[in-house]
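If you read the protein sequences in the order shown, they are chains E, L, D and G. Sequential numbering of the first sequence, starting at 1072, is according to the numbering used here. Sequential numbering of the second sequence, starting at 1072, is according to the numbering used here. Sequential numbering of the third sequence, starting at 2, is according to the numbering used here. Sequential numbering of the fourth sequence, starting at 2, is according to the numbering used here. Cβ coordinates follow ideal geometry from the N, Cα and C atoms, glycine included. Remember, predicted model here, so these are calculated numbers, not experimental data. Single-structure report; data block below.
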Amino acid sequence: MFKKILIANRGEIAVRIINTAREMGIKTVAVYSDFDRYSMYAKLADEAYHIGESPAAKSYLLADKIIEVAKKSGAEAIHPGYGFLSERAFFAKMCEDNGIKFIGPHHTAIEDLGSKTKAKQLAVKNKVPVVAGTEHAIKDAEEAKTVARKIGFPIMIKASAGGGGKGMRVVRSEEELESALRMAQNEARASFGDDSVFIEKYVDSPRHIEFQILVDEHGNAVHLGERECSMQRRHQKIIEETPSSIMDPDLRHRMGECAKTIALAAGYYNAGTVEFMVDKDKNFYFLEVNTRLQVEHPITEMRTGLDLVKEQLKIASGEKLSLKQEDVKFTGAAIECRICAEDPDSNFMPSTGKLSYIGRNLGNGMREDTGIEQGNEISIYYDSMIAKLIAYAPDRKLAIEKMARALNNYTVVGVKTNISFLMKLLECPEYIEGDYNTQFVERVFLPRLEETKAVISPELQKALSIAGILFKSRNEKSFNGRTEKKKSKRGGWLSRKELHN
Amino acid sequence: MFKKILIANRGEIAVRIINTAREMGIKTVAVYSDFDRYSMYAKLADEAYHIGESPAAKSYLLADKIIEVAKKSGAEAIHPGYGFLSERAFFAKMCEDNGIKFIGPHHTAIEDLGSKTKAKQLAVKNKVPVVAGTEHAIKDAEEAKTVARKIGFPIMIKASAGGGGKGMRVVRSEEELESALRMAQNEARASFGDDSVFIEKYVDSPRHIEFQILVDEHGNAVHLGERECSMQRRHQKIIEETPSSIMDPDLRHRMGECAKTIALAAGYYNAGTVEFMVDKDKNFYFLEVNTRLQVEHPITEMRTGLDLVKEQLKIASGEKLSLKQEDVKFTGAAIECRICAEDPDSNFMPSTGKLSYIGRNLGNGMREDTGIEQGNEISIYYDSMIAKLIAYAPDRKLAIEKMARALNNYTVVGVKTNISFLMKLLECPEYIEGDYNTQFVERVFLPRLEETKAVISPELQKALSIAGILFKSRNEKSFNGRTEKKKSKRGGWLSRKELHN
Amino acid sequence: MNKYFINIDGVETPIEADFGGNEILFKDLGRDEFVYKFITDDLLLLRVDHKNYLVKAENVHDSDMKNTEFLLEHDSKSYKVVCKNELEVLTEKFAASRGTTKIKNELISPMPGAIVKINVKEGDEVKKGDVLIVLEAMKMENELKAAANCKVQKVLVEEKTPVDKNQVLIKFEV
Amino acid sequence: MNKYFINIDGVETPIEADFGGNEILFKDLGRDEFVYKFITDDLLLLRVDHKNYLVKAENVHDSDMKNTEFLLEHDSKSYKVVCKNELEVLTEKFAASRGTTKIKNELISPMPGAIVKINVKEGDEVKKGDVLIVLEAMKMENELKAAANCKVQKVLVEEKTPVDKNQVLIKFEV
């Protein structure tokens, strides 16, 4: 096993990787931008190196710089996390050329699977079902039009190198096509440094279900079951859970086998995720392979008892998988909610600012993966995730109850968050019944939210009145330039006497 | 099921109970002393009532006052937590007399089992093995001497109403007897309001192993396996774990059956804990029954997947146990460490003060039960526990690795803590091998600690030198009455420029 | 005791209250006792008749905040609480009698970011919902749309330049 | 650059260092660069040669703290770091040459609590290890013992009364 690894990432996933490494006795090297100099992960790692300015393009995407730090610090391997350089074949190759182990697949497998077009060809060749569409990058608007006419609208434009909903556009008519193509290409270029996109038939209201796989360098593969990721908004996952309410053992077996087949056909090794669309009749279609750890991997960890980062490290160091398919046991139900700094009331606009207070109450059955501490700042440079809350319980109903309780007790001051939005989602009957698809949030839930008006009880009316007066009085004091404001800033007591004198 | 319950307790156990109640849709009523007006649990409950001054005798032990609040608030039941009134038969009876359900056993069972002497008589009658000694309260020093001579020194004096090591004294010779008896009686009176004590033969270096049981009002009982609690200092548990390294299925079955037998013989219902001593040859002796939830109950929850507070609530509302003994499944290994505000370098003297900073990094496999937030104060009024950390993993080795990692990342500023002490305990070979008993800490570990001297590497020498200079420079600035000190108090950045200008 | 007029979420009849110490007298609603603590500047723990309310003020630090309008969040729901004292009510009546009117005639950047694209130029007539500017922030492209039909008077920013929160991007003719 | 003399955990030879900006020059140990941040008053994140050190000062708020002695905790181990500048070293040498000596002649309460029992009275000769006072705090009885053989000059407290931290309980004859 490695003695020291470098983590080419930041935030919660860097913390997550440091934790497992430390438990295994492996030293960790963090890299940081100006902004992250004293961030939680840079503090927790054994060593930390500055690699550049705050914008990712000037730090976390600087492959050369990161390789240089790995060599200087004596790190034997690099864990790329998710995002940034994690799915860039050239970076995996650079590691290899410099004698550093890339904790991920071989660069040729990233190329073959990371490109959605190539992956699709591979799926077709191995009899894994796919949706109709192009199997190669679209050259220009003319070709896009030809293809679209052939398979018929609605169609979907997708970035070949994509993920996380970036560079994706649904097009319902020919007029929209040209501008949508351009925007998708722009986003793809900005996000992945590669503007190639492809087109496929748009399956209406599918479920998004993905399978976690583990494959070693010796050709052994297991799948760790599904993750239901249909609760999305603009292709951004909001809530993930396992098991999926539509899954049965037979379907799980068939989809899991397809997932393994495609990975083995590509010569893939590492942990990985094979994404599928599932339609109303439980037909499934291969979508793409994410050749890295997923944001939502913890729910699989809870339900299988495995540590996926540990499995990645063991695979990368050449070990054989320690378990066979029949050893994988599924227990209980797990749900993940992503708490983000965004304003659901203003079209989910990201919200920046300093987190002056974070109040948590996790307790029994709750896990939190975060890279943020009270006093930290949410900046414009990186994504808006504050924390992932993961509930785990013997069954789904109990897991939902735990999650609702923990969300209700999670208080963030300083930025707007999606916590209330998440709570409303958890409470809605479609979610409780497990009866939702990728269109649910945008087509059903958001319009319904706009119609709903909170009912205010006389008790609450009184309490809000008093609260308003107290905030008002406090501000008036502080406008008058008194010292009370300063006192309360330190989180101390502000007695009635102080306030009303 | 109840619609509203009152929690006659404070701190982490009140938070713990509120959480389960909320998950079950039950409203909660907190009671608070002056000190706890805005404590975490009093904030989290749906309602909160002031019941008196900070000393427990003037608030949390005021049974009348608590019953009054229960009636006023419309609470149907009272959960007593642990400590305070949780094992006082008169309080259970008061609840009953006032038409409020006591979430615990019938008051007669508390009397019979809560008294160690009566419990011992019951054990003997039901053929559960016990240690030689008195089966009734000692009248005076004369009687103590007679008994001690009969069973032979060393002997143990124990409070009948006791728990948590209070009112316990080991006596090795007749000279020590009288003063030890007096101190034990004093402590027992102060802690439990009852100074009756009894005497038994002192078993040298036993293990302390306890069994969690659940018994309903319909005569159904299950045991949930053992908790190994031998890692103690002055009868205070430090680290608890399950399973115990000495346990085998046959011994577990025999001890578990004894635990159920004694509970059923006493007409007990509720969750409960039956404590045993186990000697080197795996002979076990019944010690006592704790007729309430234990501090260390979370490790049993992790290993069985059950929520013990939920089970208590279901039993108290008259439901039958939903599981039989064969339904109880044990998975993985769980360890609990109690993080306390105390100074291991000064004879574990409790440490009081404001917690100006709490840094945590829990993540995968760690649970924290706490009632403390950053900015809160550890006072002289209540116990010194800051938090319980619980590690859960597929096996014991992995659980230890997780715990060590999480402890290392748990930073408390403002009071001294036992964190470094806990870490050293986790790392010692006897703990890793599971080869320890109740005498290990005091006889082996502490003396060894005193001999050990930290080795300082040249790198660390440099770092500590710089740290010393930085603290010194910072203080000099602040002594000069400049503003830098204030800035850093708010946890903000203190740039090199600010500091050295 | 000070008199306040409170209006929650635009309900027609405002609540009147006399406030002082740890007591409040609501007109028509009776007298209540309460205790409270500011956990931070923006977070208030309030206990009225023994019931806990954790109330967060969402707009305390908005630079354009008036001290009469509070966006308060409780139990994950938001409420607009307008809270005026006697003087403010009087001042307002006076201003209203003089017929002051204000129309938003600017497009303001809702957050710090970089201008990716500007779709309009001086003199353009735009319709409500037209995309005026594409702003990139936090790795996402955000479209800033026209709030009403109007005419562009001046574009104050250029493509590929960074902008601050609340920076004026476009001025419209009124 | 300022010169410092540092001694860690009583090691014989002190370290000499020239300190300034974000650089330090150790005599015999070479030059190092570092960055740092005070997370709180008592908690320092220090990065020397890219290695992280989270260092906690345990005695910064002790009222009797001298600014030359620091009890620092790192990686759950404690170290006594004595850190003097040139002036302090000189002052000390001067004091030593005049032969100043100090002996603790008081029993001080280590924490706030209540006196449960007093075992001695004025004039008593006590031996090292004798229990002088039983102090109850945090529901535990704590025995305060004599640090050396000595004679009680005055008992300053009474049974069943509360005491503060650092309050003088007993004075001894020297």
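- According to DSSP, residue 151 (chain D) shares a beta bridge with D:127.
- Inter-segment contact for the segment 1142-1151 of chain L and the segment 1297-1305 of chain L is absent: fewer than three beta-carbon pairs are separated by less than 8 Å.
- Under the 10 Å beta carbon count, residue 21 (chain G) is surrounded by fewer than 16 other beta carbons and is classified as exposed.
- Around the CB of residue 1503 (chain L), fewer than 16 other CB atoms lie within 10 Å, so the residue is classed as exposed.
- For the pair residue 1116 (chain L) and residue 1364 (chain L), the Cα-to-Cα distance works out to about 19 Å.
- Closest by C-alpha distance to residue 1366 (chain L), out of L:1393, L:1431 and L:1456, is L:1456.
- At least one CB atom of chain L sits nearer than 8 Å to the CB of residue 77 (chain G).
- Judged by DSSP in its simplified three-state form, residue 1415 (chain L) adopts helix.
- Burial is judged here by how many other beta carbons sit within 10 angstroms of a residue's own beta carbon; residue 132 (chain D) has fewer than 16 and is exposed.
- In this structure, DSSP gives residue 1135 (chain E) a helical state, which the three-state scheme calls helix.
- The DSSP assignment places 1178-1185 and 1187-1196 as complete runs of the alpha helix (DSSP H) inside the segment 1163-1218 of chain E, in order along the chain (cut-off: 4 residues).
- A Cβ of chain E is located within less than 8 Å of the beta carbon of residue 48 (chain G).
- Of the candidates E:1459, E:1517 and E:1451, the residue whose Cα lies closest to the Cα of residue 1486 (chain E) is E:1451.
- Comparing alpha-carbon positions, the option among E:1405, E:1345, E:1520 and E:1388 lying closest to residue 1466 (chain E) turns out to be E:1405.
- At least one CB of chain L lies nearer than 8 Å to the CB of residue 53 (chain D).
- The segment 1194-1212 of chain L makes no contact with the segment 1157-1175 of chain L, as fewer than three CB pairs between them are under 8 Å.
- One thing to note: residue 1390 (chain E) has its Cβ no nearer than 8 Å to the Cβ of residue 1340 (chain E).
- With a cutoff of 8 Å on beta-carbon distance, residue 76 (chain D) and residue 58 (chain D) are scored as not near each other.
- Using a Cβ-Cβ cut-off of 8 Å, residue 1272 (chain E) does not count as an interface residue toward chain G, since no Cβ of chain G sits closer than that to its own.
- Here the C-alpha atom of residue 122 (chain D) lies approximately 27 Å from the C-alpha atom of residue 1238 (chain E).
- In this structure, the straight-line span from the alpha carbon of residue 11 (chain D) to that of residue 81 (chain D) is close to 8 Å.
- Residue environment analysis places residue 1526 (chain L) among the exposed positions, since fewer than 16 neighbouring C-beta atoms fall within 10 angstroms of its C-beta.
- Residue 1351 (chain E) has a beta carbon lying at 8 Å or more from every beta carbon in chain G.
- The continuous stretches of alpha helix (DSSP H) do not include residue 171 (chain G), which lies in the beta strand (DSSP E) extending over residues 169-174.
- Of all alpha-carbon atoms in D:79, D:107 and D:138, the one lying nearest the alpha-carbon of residue 162 (chain D) is that of D:138.
- In the structure shown, residue 18 (chain G) falls within a strand segment according to DSSP collapsed to helix, strand and coil.
- Looking at the DSSP output, residue 1440 (chain L) sits in a beta bridge with L:1459.
- Exposure of residue 31 (chain D) is indicated by the presence of fewer than 16 other C-beta atoms within 10 angstroms of its C-beta.
- By the neighbour-count definition (other C-beta atoms within 10 Å, threshold 16), residue 165 (chain D) is an exposed residue.
- Around the Cβ of residue 91 (chain G), a 10 Å sphere holds fewer than 16 other Cβ atoms; the residue is exposed.
- DSSP places residue 1223 (chain L) in no beta strand (DSSP E); its state is neither H nor E.
- The distance from the Cβ of residue 1355 (chain L) to that of residue 1333 (chain L) is about 12 Å, inconsistent with a contact at the 8 Å cut-off.
- Boundaries of the alpha helix (DSSP H) harbouring residue 1478 (chain L): 1467-1479, taken from the DSSP string.
- Runs of the alpha helix (DSSP H) spanning 4 or more residues and lying entirely within the segment 1299-1368 of chain E occur at 1320-1336, in chain order.
- At a cut-off of 8 Å between beta carbons, residue 1369 (chain L) contacts chain E.
- The continuous alpha helix (DSSP H) containing residue 1503 (chain E) extends over residues 1500-1504.
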